[in-house]
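Numbering (my numbering), first residue to last: 1369 to 1546.
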């Protein structure tokens, strides 16, 4: 099964400064049209069997712009739930965490009232296993950088430890084979 994953456009919170995952952050209005047009050009020739989107507005808006306002919303395509960290500045979070162990810790341990990276990877994997059982040949997803990196991990392009060293660009297209 081929999977085309489109990351949402840039958002109002800077992810280098603020922690956001499942927070329903809106897109940057002045960037949206340009970035969305770039994504639309990437996928204009595709003929997917089905189209899915994260229910978060940054993904739904891009799906709609690209011609898929009825894309099926699926909670498994949401970004990681950072729990109590959602919306907080990274500078504040990192002063309360053990920095040397921070990035290995959250792989298997949930953030306070949130989920672990392994939890996110498991829900993304369940989504792909289900779609593969449904015999799709090609699906199109509008989602988040974390979902894309989980998918890259599932297909063996990276390990869970290395996949998150970089996120795919906003409005980028990642094609994977499952």
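We put the CB at the ideal spot given by N, CA and C, even for glycine.
Check: In its own chain, which residues sit with a C-beta less than 7 angstroms from the C-beta of residue 1495, not counting the 5 before and 5 after it?; Outcome: 1442, 1444, 1445
Check: Restricting to Cα atoms, I'd like to know which of 1426, 1459, 1375 is closest to residue 1386.; Outcome: 1459
Check: Looking only at its own chain, which residues have a Cβ that is under 8 angstroms from the Cβ of residue 1513, when we skip the five neighbours before and after it?; Outcome: 1375, 1447, 1535, 1536
Check: Note down, one range per segment and in chain order, each beta strand (DSSP E) of at least 3 residues found wholly within the segment 1492–1530.; Outcome: 1506–1511
Check: So the beta strand (DSSP E) residue 1432 belongs to, where does it begin and stop?; Outcome: Here residue 1432 belongs to no beta strand (DSSP E); instead the alpha helix (DSSP H) covers 1425–1433.
Check: Would a C-beta distance cut-off of 7 angstroms place residue 1404 and residue 1421 closer than the cut-off?; Outcome: no
Check: Would you mind stating whether residue 1508 and residue 1390 have Cβ atoms separated by less than 7 angstroms?; Outcome: no
Check: For the segment 1391–1400 against the segment 1424–1436, do three or more pairs of beta-carbon atoms, one drawn from each stretch, fall closer than 8 angstroms, so that the two count as touching?; Outcome: yes
Check: Are residue 1372 and residue 1543 closer than 7 angstroms when you measure CB to CB?; Outcome: yes
Check: Do you know offhand how far residue 1474's Cα is from residue 1484's?; Outcome: 5 angstroms
Check: Out of 1434, 1452, 1388, state which residue places its alpha-carbon closest to the alpha-carbon of residue 1406.; Outcome: 1434
Check: Given a threshold of 16 other Cβ atoms within 10 Å of its Cβ, counted over all protein chains shown, does residue 1470 qualify as buried or as exposed?; Outcome: exposed
Check: What does DSSP give as the partner residues of residue 1440 in its beta bridges?; Outcome: 1420
Check: Please state the DSSP three-state secondary structure of residue 1373.; Outcome: strand
Check: Would you mind working out which of 1370, 1499, 1516 sits nearest residue 1440, comparing C-alpha positions?; Outcome: 1499
Check: Give me the Cα-Cα distance between residue 1463 and residue 1527, rounded to the nearest whole angstrom.; Outcome: 27 angstroms
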